[in-house]
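J.: Take any residue in the sequence shown, count from 1 to its spot, add 794: that is its number in our numbering.
Glycine is no exception: its CB is placed at the ideal position from the N, C-alpha and C atoms.
After the structure tokens below, expect a handful of questions from me.
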Amino acid sequence: MQQQILIIGAGSSIAWAILEHWLADDSVATVNCVSRSPQPEALNHYRERLRWLHCDYTEASIDRVIAQLVAEKARFTTAFVCNGLLHNDSIHPEKRLEELHADQLQAVFQANAVVPLLWLGRLISVLAGKQRCQVVVFSARVGSIGDNRRGGWYSYRASKAALNMLVKTAAIEYSRRAPNVRFILFHPGTTDTPLSRPFQRAVPAGKLFTAEFVAERLWQLLSESADWQDPVFLDWSGQSIPW
């Protein structure tokens, strides 16, 4: 069976690695990428096997992409939701309560919880049907309430915890309306990307992963997923993470 892949938030280093890893397999017919950035010239050699859809992640822009996919009767075997925000020039993980600001909380929640849920809400019209589809939503171990022993990183932790609850709730509705779809909340580990670069000094030896390693682990995990519950919250090694 020819695989059809959807990658949302395709501008990240991990998304690029996923794209290239999946396109290296002849069973993958097309990878459809959604990004606010234009398609990099370095990817032009994939030609008709790679499709790039522009989206600025506003509701109107998401709706335009979905309308296009519905009109084309698109069907996907795997979808990745890679959107996320930890820091930028004006936003940094908070270490103390006094560092909290409403605008920062709202921006982080928008990127990490609201935008992924908007996609899941719209995608149900695309994914419902007979075609089995695995949906991988990038989460983080720090979003685990049960595993929170260090504190800090208020907005990022809370937004990922909210994401986990939203995906869990969406999975219940999908089980009724699109039972062919299964959800995986995935923690990639600390990956050598711009997202983690300011925090890499504290990473134990051997625990800083390349994006290519993460893509390979995802490939292996998705091929072994027959007995998983729906949804499942896993790390890169396939170990369950407490909710």
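1. Taking 8 Å as the threshold (C-beta atoms), are G940 and K954 in contact?
2. Using only the alpha-carbon positions, how far apart do R845 and W810 sit?
3. Within the continuous beta strand (DSSP E) that includes Q798, where are the two ends?
4. Could you tell me whether the Cβ atoms of W1037 and N958 are closer together than 8 Å?
5. What span of residues does the beta strand (DSSP E) with A873 cover, start to end?
6. In chain order, which continuous runs of the alpha helix (DSSP H) of length 4 or greater are located wholly inside the stretch 904-944?
7. Can you give me the start and stop residues for the beta strand (DSSP E) that I978 sits inside?
8. Tell me where the beta strand (DSSP E) around F1027 begins and ends.
9. Three or more C-beta pairs under 8 Å: does that hold for the stretch 837-844 against the stretch 900-918?
10. So, for I966: in the same chain, excluding its five sequence neighbours on each side, which residues have a beta-carbon less than 8 Å away from its beta-carbon?
11. Tell me, please, which residues DSSP counts as bridged to N882.
12. State the beta-bridge partners of R869 as determined by DSSP.
13. Tell me, please, which residues DSSP counts as bridged to S1034.
14. Give the DSSP-derived three-state secondary structure of T1004 in the structure shown.
15. When you compare only the Cα positions, how much space is there between R970 and P998?
16. Drop a sphere of 10 angstroms on the beta-carbon of V825, count the other beta-carbons inside from all chains shown, and report buried for 16 or more, exposed for fewer.
17. Which residue wins for smallest C-alpha separation from E1058, given the options I918, G945, R926 and F870?
18. Determine, for S821, whether the minimum Cβ-Cβ distance to residues of chain E falls below 8 Å.
19. Considering Cα atoms alone, identify which of E1006, I801 and T984 is closest to Q833.
20. Under 8 Å, with one C-beta from each stretch per pair, do the stretch 868-887 and the stretch 905-922 reach the 3-pair mark?
21. What separation, rounded to the nearest whole angstrom, lies between the Cα atoms of V929 and V1008?
T.: Per the coordinate set shown:
1. no
2. 13 Å
3. Per DSSP, Q798 belongs to the beta strand (DSSP E) from Q797 to I802.
4. yes
5. T872 to V875 is the extent of the beta strand (DSSP E) around A873.
6. 909-921
7. V975 to H981
8. DSSP places F1027 inside the beta strand (DSSP E), whose first and last residues are V1026 to D1029.
9. no
10. none
11. None; N882 has no bridge partner.
12. According to DSSP, R869 bridges with nothing at all.
13. L1028
14. Coil.
15. The alpha-carbon atoms of R970 and P998 are separated by roughly 43 Å.
16. buried
17. This structure gives no information on residue 1058, because the portion of the chain shown stretches from 795 to 1037.
18. Chain labels in this structure do not include chain E; a single protein chain is all it has.
19. I801
20. yes
21. 16 Å
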